[in-house]
Each structure stands twice: as structure tokens, then as C-alpha cells.
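Here's the structure, in C-alpha cells; my notes come after.
In this note's numbering, the protein residues as written are 1325 to 1582.
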């Protein structure tokens, strides 16, 4: 027995700003805010940098602890509600959700996987502590009033570095309760990838001069043959021209005698 397969496409739109691209916000004490509502939404064209501290305990280092710390850093930088790798951003502010060509996939470069965080000699973790968001846009449309279009967006993490618990001083004693603050940073930059604008000029109009058929009458005139409406012959009236010339000559002679 054959059964028809029905594909159901569900369209999910995020109505709240917090669900979009945001950056971490620091509290009054410099610690990273963990709530989604406290994050800073991206504003087009505004380059930003933010940084905050996370409190970690690195006195007892192992592979699992380093992986948990790296996952905490990713959630701090991208937000706890960050989606998976299959994410898209609209090219315009009023992009139609039904047109897939108007959406650009977000490129994730060097994003740390949980298994990439390694412990080093049992004293430190090799972690990625920074995230850079780069937005590429171009001016399109009319030369007098261009519109900015997003043509690419990339999330790029910093290179991994060793993070170790530093304990100095005469009263420094290793213990489970000892913690230390480490800074994570996040930047947003916008890059204009527009090509040099060139104006387009239309072709010059063709001037076609037309005058009535009797414009040069009585010097030039048309004749018709037996009432045919189409004017087909053109004859030069020599008598009219001679008369006009004689009139001009006579007027000049008369003026000279005066």
C-alpha cells in the first residue's frame, strides 16, 4: 500500500529583538550579563566593542571542566538563545520571508566546538575568548538615493589561548573556593563593499522638423492630378520669384535717387 508523503514547511519568525543578533552587555561591576533581555541589539552602521568578565575556578583542571568553560564563553558571546549553524540574515529591513534569495547565510569562522577546549598540563585551559561580527554591505539602487544592502555577515572567533589560574602572594593558597575573573570581548564592524557609482545618461533625442505643405507658398507649391488627395509634384514658381526680385531692385534704386 502506497501512502502519499506530505511535506510541511513551517515558517518561524522571531518577533523580539533579543532573538536576533546581539552583543553582550557588562553590568555595573563589569561582570557579563547572562539574561537575554539585557543584551545589546545590533544597530546598522554602528561599530561597537564590548567586554566583560566571567568568573572561573581553574584550580582543578581537567578536560570536562575546560569544555564546560568554553561552552559558557560561547553562550556569553552569542547569547543563550543562539541558534545552530544554519542561520540567515535579511538583506534589507523589509525583506520578504518567502523569497529565499533575499536572505544571506551567516558564515561562522573558527567557532569552537565543545571538544576543542583542551586542558594544558592540568594547569590551564586553551580557550577562545573573543568574537568578531563583520557585516558587509553595498549601496544599490538609484544614484541620488541609494539603499544599503547586506551582502554578507561573518562570525569569527579569536585564536585559542591558554587561560591559567594565577595565584601569587604569601597568603595564596589553592582551594576549591578560589576564583578569578577573565575578560571576554566582542566587536561589531561594518565594511562598505560598494563599487564606484557611475551615472547613466540616455541618448539624445532625434529632432524631426515638419512644416505644413503650404509653408513656402507662393514660392513653392504642390499640384494634384484630377483630385487625387496625395500630393506628388512640386513646382518652382519662377514668375513669382522674378516679380519679387524686380520689386526689391526697384526699391533700392528708388532709395538711391532720394
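Even for Gly, the Cβ is constructed at its ideal location relative to N, Cα and C.
Residue i in three-state terms, based on DSSP
i	result
residue 1403	coil
residue 1538	coil
residue 1516	strand
residue 1395	helix
residue 1344	coil
residue 1372	strand
residue 1426	helix
residue 1507	strand
residue 1557	Confidence is the limiting factor: at residue 1557 the pLDDT is only 40, short of 50, which leaves the residue's position unreliable, though a coordinate-based value still follows. Three-state result, residue 1557: strand.
residue 1440	helix
residue 1389	helix
residue 1478	strand
residue 1457	strand
residue 1525	coil
residue 1435	coil
residue 1463	strand
residue 1380	strand
residue 1367	coil
Pair within 7 Å by beta-carbon distance, residue i and residue j
i	j	result
residue 1453	residue 1508	yes
residue 1369	residue 1514	yes
residue 1415	residue 1474	yes
residue 1366	residue 1380	no
residue 1521	residue 1467	yes
Supposed contact pair residue j and residue i - C-beta distance, whole angstroms, cut 8 Å
i	j	result
residue 1481	residue 1517	With 8 Å as the limit, residue 1481 and residue 1517 do not qualify as a contact, their Cβ atoms being about 22 Å apart.
residue 1450	residue 1484	5 Å
residue 1455	residue 1510	5 Å
residue 1363	residue 1385	Actually they are not in contact, since the Cβ atoms of residue 1363 and residue 1385 sit about 30 Å apart, beyond 8 Å.
residue 1371	residue 1512	6 Å
residue 1478	residue 1448	So it is not a contact: roughly 29 Å between Cβ atoms.
residue 1471	residue 1465	4 Å
residue 1356	residue 1400	5 Å
residue 1403	residue 1360	6 Å
Where the beta strand (DSSP E) containing residue i begins and where it ends
i	result
residue 1352	Neither: residue 1352 is in no beta strand (DSSP E) and is coded neither H nor E.
residue 1487	1485 to 1488
residue 1450	1448 to 1451
residue 1414	1412 to 1414
The ligand ATP heavy atom lying under 6 Å from the CB of residue i
i	result
residue 1386	The ligand ATP is not part of this structure, which contains no ligands at all.
Is there contact between the stretch 1429 to 1442 and the stretch 1393 to 1401, where contact requires at least three CB pairs shorter than 8 Å?
yes
Inter-stretch contact (C-beta, 8 Å, three-pair minimum) for the stretch 1424 to 1436 and the stretch 1369 to 1381
no
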